[in-house]
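In the numbering used here, the protein residues as written are 7 to 236.
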């Protein structure tokens, strides 16, 4: 099998993991207006994992697209501006294409990819939201109820990205092209992914959610390989 074949398998498993995570998040966040603190924390971890999966999948798709041509812009007339301002606005947030960079020190971590091609079979249940905090006893404050807050908006943006991955891949391709052109005249970020391990990757997560975590490791590996060879 070629590298592209392995990448396609990783993409297929990644989409399955994303759909499972989104189903769990929908059940936890949209059923009630208030959720327990422990459930909110677990939902945030799963949300970050799903976002990382989508981001790596659309990066791979974007790097397979031809380089976008620069857009030709013309000054808009007053009538056009008036018409655009009158159009109904959507409150749907855009899916973030990049991950945050380290705030202070720059560091590199070697990712263990000994099983990059050993794909795991998906379990019947991707994960249970609301379990005790990993590595310790449950905090008494975790029984308190809080609002989901911005998690709903992030989940909405994630769902829109899953509904139109090709559109997100074109967005990513345009971002990469803009950054490469900006690099010709000054410093610019060329890598949309964080340094080191992918988000939420820990040994505990790998044991608790083996299918989605392994899918993230695989997509991270192939996204890095595609980015380095572009």
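All C-beta atoms, glycine included, are put in the ideal place defined by N, C-alpha and C. In this text the structure is predicted, and so the values were computed from the model without any measurement.
Residue i, buried or exposed, once every other Cβ within 10 Å from all chains shown has been counted against 16
{"i": "residue 53", "result": "buried"}
{"i": "residue 133", "result": "Note that residue 133 scores 41 on pLDDT, short of 50, meaning its location in the model is unreliable; the coordinates nonetheless yield the value given after this. Answer is buried; the Cβ neighbour count reaches 16."}
{"i": "residue 224", "result": "buried"}
{"i": "residue 201", "result": "exposed"}
{"i": "residue 13", "result": "buried"}
{"i": "residue 124", "result": "Legend: pLDDT at residue 124 = 38, less than 50; position of this residue unreliable, value from coordinates given subsequently. Burial call: exposed."}
{"i": "residue 204", "result": "buried"}
{"i": "residue 86", "result": "exposed"}
Residue i - DSSP class collapsed to helix/strand/coil
{"i": "residue 2", "result": "Lying before the first or after the last residue shown, residue 2 is absent from the chain, which here runs from 7 to 236."}
{"i": "residue 151", "result": "strand"}
{"i": "residue 70", "result": "coil"}
{"i": "residue 197", "result": "coil"}
{"i": "residue 8", "result": "coil"}
{"i": "residue 170", "result": "coil"}
{"i": "residue 217", "result": "helix"}
{"i": "residue 146", "result": "For residue 146, the pLDDT reaches just 46, beneath the cut-off of 50, and the residue's location in the model is therefore unreliable, although a value from the coordinates is still provided. Three-state DSSP puts residue 146 in a helix."}
{"i": "residue 191", "result": "coil"}
{"i": "residue 227", "result": "helix"}
{"i": "residue 93", "result": "coil"}
{"i": "residue 122", "result": "The pLDDT assigned to residue 122 is 39, lower than 50, so where the model puts this residue is not dependable; a value taken from the coordinates is nonetheless given after this. The answer is coil: DSSP assigns residue 122 none of H, G, I, E or B."}
{"i": "residue 101", "result": "coil"}
{"i": "residue 236", "result": "coil"}
{"i": "residue 49", "result": "helix"}
Chain-order list of residues whose beta-carbon lies under 6 Å from that of residue i (same chain, five-residue window excluded)
{"i": "residue 206", "result": "51, 54 and 55"}
{"i": "residue 199", "result": "105"}
Proximity test, Cβ basis, 8 Å: residue i and chain D
{"i": "residue 16", "result": "The structure shown contains no chain D; it holds only a single protein chain."}
Beta-carbon contacts of residue i that lie in its chain and below 8 Å, excluding the five residues immediately before and after
{"i": "residue 180", "result": "74"}
| said: Closer than 8 Å is the cut-off here; do at least three beta carbon pairs connect the stretch 64-75 with the stretch 25-39? | reply: no
| At least three beta-carbon pairs within less than 8 Å, the stretch 166-185 to the stretch 55-65 | yes
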